[in-house]
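Report on one structure; see the data block that follows.
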Amino acid sequence: MTQFVVKPGVKNLQHEGEKLITTHCCYCGMQCGMHIRVNEKTGKVVGVEPRYDWPVTMGKMCPKGVTAYQTIDHPERIRKPLIKKNGQFVESSWDEALDLIEENFKRIQSEHGKDALSVFGGVSMTNEKCYLVGKYARVALGTRYVDYNGRFCMSSAAGGFMKTLGIDRGSTLPWPELEHTDCFFMAGSNTAECHPTTIQWLWKARDKGAKMIVADPRETPTARIADVHLDLKAGTDSALAYGMMHLLIKEGYVDEEYVQARCNNYDELQEAVKEFTPEYTSQITGVSVEKIVKAAHIFGRSPRSVVMFARGVEQQSKGVDNVCSYTSMALLRGQIGKFASGVATFTGQGNGQGGREHGQKADALPGYRKIDDPEHVKYIAGVWGIAPAEMPKAGVSAYEMFDEIQAGKIRAMHVICSNPAVSAPNNHYIWAGFEKLDFMVVSDFFLSETAEFADVVLPATSWAEDEGTTTNLEGRVIRIRKVKEPVGEAKTDWQIMQLIAERMGKGKYFPYKNVPEIYEEFRLASKGGKADYYGITYERIEKEDGVFWPCPSEDHPGTPTMFQEKFGTPDGKANLATVKWREPAELPSTEYPHTLTTGRVVFHYLSGTQTRRTKFLMEQCPEPYVEMHPQLAAKYAIRDSDNVYLETKRGAMTVKARITKAIREDHVFIPYHWGKELSVNKLTNPALDPTSRMPEFKVCAVKIKKA
Amino acid sequence: MKKVMYLEFERCIGCRSCQAACRECGGHDSKERNYVEYVNFFENRQTYPMLCMQCKDPACARVCPANAIQITDDGVVLSAMEEKCIGCRNCTFGCPFGIPKFDFEENKMYKCDMCYDRTKHDIAPMCASVCPSDAIRFIDHDEMMELRRRRTQMNLIEGKKPSENDKWQYVPEFFGVYSD
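Protein sequences appear in the order of chains A and B. The UniProt record's numbering puts the first residue of the first sequence at 1, with every later residue one more than the last. The UniProt record's numbering puts the first residue of the second sequence at 1, with every later residue one more than the last.
Here's what the structure looks like:
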């Protein structure tokens, strides 16, 4: 297999003494194509070269992508296993660390039962590793408690898509088709900062006259270029979607034929949206009637439209409702399953799509199978070589694992590729949970805030030191190539899981010598499931610029456009939303009079473990800040750069003010990429969505004063 | 040079990828030679990128008392030659776009060279390669002229650029630079 992949006629700059290795970015779900520059003599990574011929991103990269390679040989990388002795981390050998893990895991399981162990996974790793996390928890450790950070990221989108469309694939259409779309309805997505390389497609469409409608409490760089900016209050998305659908029905924009043939619940939906007149919608959402009407007409008249959303609508205690109702907007217009139109969510994490399909979730098994379905358990148990009776039952969601810790049920945790000490809501509770654990292991390649709580930290490899596949936000399965040998004594996550499995006496279930062997087993495990990867091979990915799942056999072309014939529900019809409007879990009150919302900035990724160690990115955005409207600032005599004290029912913090008119007057915004005293998640609300168990990061009531 | 740098300010999303990429270019010593600024952050998030216009008769070169700033046959205005630069910083004041910068440690001026080691092979400069919103493009002169005509056409069809609030008044709609 060649390492440098380039199409004929495409020129790249090749420096003398260097080689280029073709791969993808380690950060968000865009998975931008790139070539990494490696010095042939020293084997060190020296830079990055754009991958002009990658059809999704055309060589474009955001500042995180451009600087991603700098984390690989970073001086702060963990090079040897660390064991905490008297409160201090001491470098040790692998044997010593594994001895300690074996001793503690076995002791805890014999004293408190199998389920006293738990695994907290992540989806910034390859499909092979994500797949193995579920198997590691259930087969090697034999515990029911496994969940992952995607619970804080994609779970509401997954829940909503499952409910309405029957299959959760982030985008129903391939990205390059966006060029031909006539209207983008984007809700709760600051695409320009969080998935910047998508913007080129939006502009290609806009150059042909496409319209953009953006719903966001802030006038983000995305909302700034919108034709209509619906500046709604955080947490009122389903009302806005209902208001839009009210008008679509009233103005005759519904594709009646499509809805009759392919959707259920149309009568119920009509009934549900009846009261959402523009006036009533405006009253709930705070968006003016004129804007709602204008947006409905633009969206309704567009022959091809895409409804897109992201964490803004999903990270709410009614995230699934929001996803269902926005998806229903696309269904009413008869858009899903057609060219250049459909519905899409922007996957936050690199492999947020692939990682959530293959059994890291508390209730899921590979290929989007369910752990409470005996047939599914039987199939996967067969692939894994265990008896179906040995398969643990469903566990609990990520945040609820910390309830189990407090209840004394979970006694030890292995955190893999995640940093919940920053990224989980209500930080104080999370930190107390980590402290209560008898034993904690973290695999990471930097000493994250979570790793600081650990008893043993195992040095994992970075994305460039291992190979595998990921699935980008379109549902396209792509290749990550190994760029160099691991630093120090770092091992890949799959090797780490394999080593611990051996110590637990389950080595025979993890016989892998290399990544392709895991992939072969994983293909088989996904076979016949909703997310079927069986027909996708490394060779095909390279030849076909990635393959879209489902792809059940090697002669199947893959599925770039979903739901062309029927939906993934049992009756093949989509279920329109029939949810009741609900307020956010916490509303502004006299004591906490304003709304706090959180989000990302373009310079940082998730909990910032990597990007806060990158010089360029830290120069641009070294610390969090609170963004507020000058009118709100004036009430508290706050000037730009003043320190502001913010407090919610759960926690408080002090940050500098950034004053701008590009935000609602009643909202404040703080980015969440920092840990400890700078973590805004000390303040956020852990109210969970009833279906997806997604916490409500995006809305909580806050009081502020000048510090 | 047949290709031109084409800037569309309104497309800038303020990600500063161009700056990060500028540091990546061989021979740039990990120092960026372009910049991105907010127009007025109090009002809105409109930003704009700025890089060397590769002027035909560059002010930086004209005000250099040591004749240290050379222009290639392709029209690329290079950083001051180290052996000639006397460190007077006239160029940094003379440039109307604020491009030349001064390295006080090395006592020399440095500026955008349009990624000369790339563009001489007809490969796009780093900033234009990575710009996620196509605010910076490296395109054929003919393509640029077509884009400008298309803009007129769109304005005829659509009226003035559609916008909620009239944000466009802050910036010119486009800015093309070409050497021929």
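Backbone N, C-alpha and C define an ideal beta-carbon position, used for all residues, glycine too.
Runs of the alpha helix (DSSP H) lying entirely within the UniProt domain "4Fe-4S ferredoxin-type" (76–105) of chain B, each at least 4 residues long, are 90–94 in chain order. Along the segment 590–617 of chain A, the positions whose C-beta sits under 7 Å from a C-beta of chain B are V602, F616, read in chain order. Each of A:K60, A:R37, A:S171 was checked against the Cα of Q70 of chain A, and the nearest Cα belongs to A:R37. Think of a sphere of 7 Å around the beta carbon of R224 of chain A: the chain B residues whose beta carbon falls inside it are N44, R45, Q46, K167, in chain order. DSSP places A340 of chain A outside both helix and strand once states are collapsed to three, so it counts as coil. Non-local C-beta neighbours of Y533 of chain A in its own chain, meaning closer than 6 Å and more than five positions away in sequence, comprise R523, S526, W549, ordered along the chain. In this structure N107 of chain B is in contact with G87 of chain B, their Cβ atoms being roughly 5 Å apart against a cut-off of 8 Å.
Taking C-alpha positions only, E279 of chain A is separated from V287 of chain A by approximately 10 Å. For C263 of chain A, the secondary structure class from DSSP, reduced to helix, strand or coil, is strand. Against G59 of chain A, the close residues of chain B are A124, S129, V130, in the order they occur along the chain (beta-carbon pairs closer than 9 Å). In the structure shown, the three-state DSSP call for N351 of chain A is coil. The beta-carbon separation of A241 of chain A and Y326 of chain A, rounded to 5 Å, stays under the 8 Å limit for a contact. Counting along the chain, Q88 of chain A sits inside the beta strand (DSSP E) bounded by residues 88–91.
For M154 of chain B, the chain A residues whose Cβ falls inside 8 Å of its Cβ are D207, G209, in order along the chain.
Assigned with DSSP and collapsed to three states, M34 of chain A falls in strand.
Cβ neighbours of R51 of chain A within its own chain (closer than 6 Å, five residues either side excluded): G33, M34, H35, G59. Here the C-alpha atom of L447 of chain A lies approximately 17 Å from the C-alpha atom of M618 of chain A.
By the Cβ neighbour-count rule, N149 of chain A is buried, with 16 or more other Cβ atoms within 10 Å of its own. The DSSP-derived three-state label of H428 of chain A is helix. When the beta-carbon positions are compared, W94 of chain A and D134 of chain B stay at least 7 Å from each other. Annotated three-state conformation of N685 of chain A is strand, per DSSP.
Nearest CB-CB separation between G47 of chain A and chain B: below the 7 Å threshold. Taken through DSSP and simplified to helix, strand or coil, V6 of chain A comes out as coil.
Here P624 of chain A is near W674 of chain A, since their CB atoms are less than 7 Å apart. Listed along chain A, the residues sitting closer than 7 Å to F41 of chain B by beta-carbon distance are T660.
Assignment of C700 of chain A by DSSP, reduced to helix, strand and coil, places it in the strand class. When the five nearest sequence neighbours on each side are left out, the beta carbons in the same chain lying within less than 6 Å of the beta carbon of V228 of chain A are those of I213, K291, K294, A295, in order along the chain. By the Cβ-count criterion, K208 of chain A is exposed, with fewer than 16 other Cβ atoms from all chains shown falling within 10 Å of its own Cβ. In this structure, the alpha-carbon of P392 of chain A lies about 9 Å from that of Y145 of chain A. Taking a C-beta cut-off of 8 Å against chain A, the contacting residues of the segment 19–32 of chain B are Q19, A20, A21, R23, E24, G26, listed in chain order. For D321 of chain A, the closest alpha carbon among the candidates A:A432, A:W581, A:G17, A:Y645 is that of A:W581. With fewer than 16 other Cβ atoms inside 10 Å of its own Cβ, F104 of chain B counts as exposed. Taking A310 of chain A as reference, the option from A:K566, A:K706, A:N190 with the minimal CA-CA separation is A:N190.
In the DSSP annotation of this structure, the continuous segment of the beta strand (DSSP E) that includes Y35 of chain B starts and ends at 35–38. Contact check for F276 of chain A and G319 of chain A: beta-carbon distance about 19 Å, past the 8 Å limit, so the pair fails to qualify.
Looking from the CA of W431 of chain A, the closest CA among A:D403, A:F445, A:L458 belongs to A:D403.
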